[in-house]
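Protein chains in written order, with my numbering: chain A, 1 to 92; chain B, 101 to 192.
Idealized CB from N, CA, C, for every residue including glycine.
2 protein chains.
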Amino acid sequence: MDADRANEWADLLKAFAHPTRLQILAELGKGTRCVTDMEDILPVTQVNISQHLTVLRNAKLVDFAQDGALRCYYLSRPKLVEGVLALISADH
Amino acid sequence: MDADRANEWADLLKAFAHPTRLQILAELGKGTRCVTDMEDILPVTQVNISQHLTVLRNAKLVDFAQDGALRCYYLSRPKLVEGVLALISADH
DNA sequence: TAGTAATGTGCGAACATTCTAATATTATAC
DNA sequence: GTATAATATTAGAATGTTCGCACATTACTA
Chain A
1 MDADRANEWA DLLKAFAHPT RLQILAELGK GTRCVTDMED ILPVTQVNIS
51 QHLTVLRNAK LVDFAQDGAL RCYYLSRPKL VEGVLALISA DH
Chain B
101 MDADRANEWA DLLKAFAHPT RLQILAELGK GTRCVTDMED ILPVTQVNIS
151 QHLTVLRNAK LVDFAQDGAL RCYYLSRPKL VEGVLALISA DH
């Protein structure tokens, strides 16, 4: 594996590698969710969720559709995300 | 996803999330390698490789067989490792 | 247009990771 | 047992990540 690819892939994997972000990704695997939906489920602040969503957006793992004041987030690469979660899950 | 599982999985993914470690894992995907083999391939010091191998060992992604002074490293969960690499690779 | 709900941003402290340099350990060969 | 090859460990500086706080923005509603 060449160094460029290794860097790119590592950046992508870093986006996965946080418990809150994993929970967000798992939740979005069930369907579109807005930030308040996630606030109801996760034991962290709105600000923190928003920060993690920024990381996930930068990694192009999620995107959103604006609906009035709401931002409806969804997985932009569901196969990748669900594949990774399934692999790890299978390994236990 | 419950918090315990999220933490556990995040720890595992952190082990993947470094360019040098990804290159080590990819190399071990081709077969057993000792540390000097990796030194020949990677542009980093022996010490640094050893440190990254420690991280990978702690995550139970690799293990080694001692052969005299050599330590022959191999993937202890090849399906997981190769699965993750294949998924990311497919996504490009 | 003032108020409020939903979400985002910038900053800085706390914490974690990575790398380098020096040194240690272990096994073999002489 | 001394030398050498292979690998690991320790310590500390540099760097990166995360989080809380305060505040900003945007869109709706009264």
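Asked: Nearest-angstrom Cα separation, counted from residue 22 of chain A out to residue 44 of chain A; Found: 13 Å
Asked: Cβ-Cβ separation, residue 78 of chain A to residue 110 of chain B (assumed contact under 8 Å), whole Å; Found: Wrong, their Cβ atoms sit about 20 Å apart, outside the cutoff.
Asked: Chain A contact residues for residue 123 of chain B, given Cβ-Cβ distances below 8 Å; Found: 1, 3, 6
Asked: CB contact check: residue 118 of chain B to chain A, cutoff 8 Å; Found: yes
Asked: Neighbour list for residue 91 of chain A in chain B, Cβ cutoff strictly below 9 Å; Found: 112, 177, 179, 180, 183
Asked: Length of the line joining the Cα atoms of residue 163 of chain B and residue 148 of chain B; Found: 17 Å
Asked: Under 8 Å between C-beta atoms of residue 117 of chain B and residue 60 of chain A; Found: no
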